[in-house]
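In what follows, a single structure is set out as structure tokens and then discussed.
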Amino acid sequence: MRTLLSQYWSRIAARIEPYVPGEQPKDKRYIKLNTNENPYPPSPRALAAIREAADGDLRLYPDPDCVRLRQAFSRAMGVKEEEVFVGNGSDEVLAVAFQAFFDPGNPVLFPDLSYSFYPVYASLYGIDYHKVNLADDFTIRVEDYLVPNGGIIIPNPNAPTSIAMPASDICRLLEYNQKLGRVVVVDEAYIAFGGQSMVPYISKYDNLVVITTLSKSYALAGLRGGFALAQKPLVEALDRIKNSFNSYTLDRLAIAGASEAVLDQEYFKEITGKVRHTRDRIASSLRQAGFEVLPSASNFLFMRYPGKSGSEIFQKLREAGILVRYFATPRIADYIRVTIGTDEQMDIFYREITRIVGITN
Numbered sequence: 008m009r010t011l012l013s014q015y016w017s018r019i020a021a022r023i024e025p026y027v028p029g030e031q032p033k034d035k036r037y038i039k040l041n042t043n044e045n046p047y048p049p050s051p052r053a054l055a056a057i058r059e060a061a062d063g064d065l066r067l068y069p070d071p072d073c074v075r076l077r078q079a080f081s082r083a084m085g086v087k088e089e090e091v092f093v094g095n096g097s098d099e100v101l102a103v104a105f106q107a108f109f110d111p112g113n114p115v116l117f118p119d120l121s122y123s124f125y126p127v128y129a130s131l132y133g134i135d136y137h138k139v140n141l142a143d144d145f146t147i148r149v150e151d152y153l154v155p156n157g158g159i160i161i162p163n164p165n166a167p168t169s170i171a172m173p174a175s176d177i178c179r180l181l182e183y184n185q186k187l188g189r190v191v192v193v194d195e196a197y198i199a200f201g202g203q204s205m206v207p208y209i210s211k212y213d214n215l216v217v218i219t220t221l222s223k224s225y226a227l228a229g230l231r232g233g234f235a236l237a238q239k240p241l242v243e244a245l246d247r248i249k250n251s252f253n254s255y256t257l258d259r260l261a262i263a264g265a266s267e268a269v270l271d272q273e274y275f276k277e278i279t280g281k282v283r284h285t286r287d288r289i290a291s292s293l294r295q296a297g298f299e300v301l302p303s304a305s306n307f308l309f310m311r312y313p314g315k316s317g318s319e320i321f322q323k324l325r326e327a328g329i330l331v332r333y334f335a336t337p338r339i340a341d342y343i344r345v346t347i348g349t350d351e352q353m354d355i356f357y358r359e360i361t362r363i364v365g366i367t368n
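Converting from the sequence shown to this note's numbering requires adding 7 to each position, the first position being numbered 1.
Below is the structure:
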């Protein structure tokens, strides 16, 4: 029975369980290690381009094809311009991909512990899906996906586990699904921090779609820029869906800033290198202190302390002014996900979490 407030909702609105984003608190200042944001500012070239674009032309619609940005990303990634699709963050690109490549009645496969937006999109668009259990060590077993399916989506590295798959394993999925005539989507939101990108394989596999974002590695979470890379026929399918509900996915400021960000590869390599260095250093210290830390190829750590409640650690860190992400989900209820911040932030995190679990530094 619908409540009075929801009596005008559609059946979809009433039944859907929406994605819950990471906490964005306003009550006080925290060290935010909960939403996988980059701790460093965006490229100075990107900021300058945004300021320059903030002029009288904002009265005009932006380029619906985002040609400037597609050309920039093509140049930076070594792919053809016609192989680049642009959207308002990788979440929107994923939403378009679900509509472009997956059909009701043919279950899509993705890991049981993964990005929680996948089942939301599937439910929203009426697409059947099957969650494939990760192995006991939280890795993805290729053999479990070599079954009839309506498509596969694999995050690489996976979130929240932080573990990456080798390209050879993903190639096996692609080759199997080519025989089925089904697409494999590889969500590479964190690939700049480790792992093997599938972008070099686009020319080989006509059923491969690689999705990536500017939010993490380019420090532009507040700008919203995402990409799908695939052979031209798959990009055309994405364009057909996008142009059926919103032709103007990115505004003029976003196109300008994002274009310069992706061309500034020197700065991109600098800040992603800093994050990797800090990640490896703090992971080593945590392991030496007795924490279990999964091997991370991302800009976050997935970790626990044996015998301690993940919920309790999460809450005590919050009380200490540090936000991390906690998932009250079977199998991972004792784990927390910790975004890599600056060296100073991570040193504070290390001091507080070791104090919380009773380790004397």
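Built from N, CA and C at the ideal position, the CB exists for glycine as well. Bear in mind the structure is a predicted one, so any value in this text is a computation, not a measurement.
Q.
Relative to the C-alpha of S318, which candidate in R332, F108 and Q185 has its C-alpha closest?
A. In the sequence shown, the residue the question calls residue 318 occupies position 311. Nearest option by C-alpha distance: R332.
Q | Neighbour-count burial assignment, S224, 16 or more Cβ in a 10 Å radius | A | Along the sequence shown, read from residue 1 onward, the residue named residue 224 stands at position 217. S224 comes out buried.
Q. So, is P240 buried or exposed, given that buried needs 16 or more other C-beta atoms within 10 angstroms?
A. The residue you call residue 240 lines up with position 233 of the sequence shown. With fewer than 16 Cβ atoms within 10 Å of its Cβ, P240 is classed as exposed.
Q: Compute the Euclidean distance between the alpha carbons of I198 and A235, then round it to the nearest angstrom.
A: For the purposes of this step, residue 198 is identified with residue 191 of the sequence shown, where counting begins at 1. For the purposes of this step, residue 235 is identified with residue 228 of the sequence shown, where counting begins at 1. Cα-Cα distance, rounded: 14 Å.
Q) So which of L116, A129, I170 and F124 has the shortest CA-CA distance to E150? A) What you label residue 150 is simply residue 143 of the sequence shown in a count that begins at 1. Nearest option by C-alpha distance: L116.
Q) When burial is assigned at 16 or more other CB atoms within 10 Å of the CB, is A55 buried or exposed? A) What you label residue 55 is simply residue 48 of the sequence shown in a count that begins at 1. By the neighbour-count rule (16 or more Cβ atoms within 10 Å), A55 is not buried but exposed.
(Q) Less than 6 Å between C-beta atoms, sequence neighbours within five positions excluded: which residues of the same chain meet that for V217? (A) Reading the sequence shown from its first residue, position 210 is the one you call residue 217. Same-chain partners within the cutoff: V193, E195, M205, V206 and L236.
Q) Any idea if E351 is buried or exposed, counting beta-carbon neighbours within 10 angstroms, 16 or more meaning buried? A) Position 344 of the sequence shown, counted from the start, is the residue given in the question as residue 351. Result: exposed.
Q.
Taking a contact to mean a Cβ-Cβ separation below 8 Å, would you say I347 touches V282 in this structure?
A. Position 340 of the sequence shown, counting from 1, holds the residue named residue 347. Position 275 of the sequence shown, counting from 1, holds the residue named residue 282. Yes; because the gap between Cβ atoms is below 8 Å, this pair is in contact.
Q. Where does P126 sit, in a helix, a strand or coil, going by DSSP?
A. By 1-based counting over the sequence shown, the position of residue 126 is 119. Helix at P126.
**Q.** Opposing strand residues paired with A235 [DSSP bridges]
**A.** Translated into the one-based positions of the sequence shown, residue 235 becomes position 228. DSSP output for A235 lists F92 and I218 as bridge partner(s).
Q | Which of helix, strand or coil DSSP assigns to L153 | A | Residue 153 sits at position 146 when you count from the first residue of the sequence shown. In this structure, L153 counts as coil in the three-state DSSP scheme.
(Q) Considering only the alpha carbon of each residue, which of D110, Y132 and T146 lies closest to P118? (A) On the sequence shown, position 111 is the one that residue 118 refers to. Nearest C-alpha to P118: T146.
Q) Which term fits P25, buried or exposed, when burial requires 16 or more other beta carbons within 10 angstroms of its beta carbon? A) If you number the sequence shown from 1, residue 25 lands on position 18. Classification for P25: exposed.
Q. How close, in whole Å, do the beta carbons of V364 and K315 come, if the pair is a contact with beta carbons under 8 Å?
A. Here residue 364 refers to the residue found at position 357 when the sequence shown is read from its first residue. Here residue 315 refers to the residue found at position 308 when the sequence shown is read from its first residue. About 5 Å separates the two Cβ atoms, so the contact holds.
Q.
Extract the residue ranges of the alpha helix (DSSP H) inside the region 37-93, only unbroken runs of 4 or more that lie entirely within it.
A. 51-60 and 74-84
Q. So, helix, strand or coil for L330, using DSSP?
A. For the purposes of this step, residue 330 is identified with residue 323 of the sequence shown, where counting begins at 1. Looking at L330 - three-state DSSP - the assignment turns out to be strand.
Q: Figure out for me which residue from H137, N163, P167 and A171 has the closest Cα to the Cα of P155.
A: Residue numbering aside, residue 155 sits at position 148 when the sequence shown is read from its first letter. Looking at the Cα atoms, H137 is the closest of the given residues.
**Q.** Endpoints, the beta strand (DSSP E) within which D194 is located
**A.** For the purposes of this step, residue 194 is identified with residue 187 of the sequence shown, where counting begins at 1. Start and end: V191 to D194.
Q.
Cutting at 8 Å between CB atoms, please list the residues of its own chain near P28, excluding the five before and the five after it.
A. For the purposes of this step, residue 28 is taken as residue 21 along the sequence shown, with counting starting at 1. Once the five neighbours on either side are set aside, the close Cβ partners of P28 are T42.
Q: Determine the closest residue to F307 out of V103, I170, D143 and R22, with distance taken between C-alpha atoms.
A: Position 300 of the sequence shown, counted from the start, is the residue given in the question as residue 307. It is I170.
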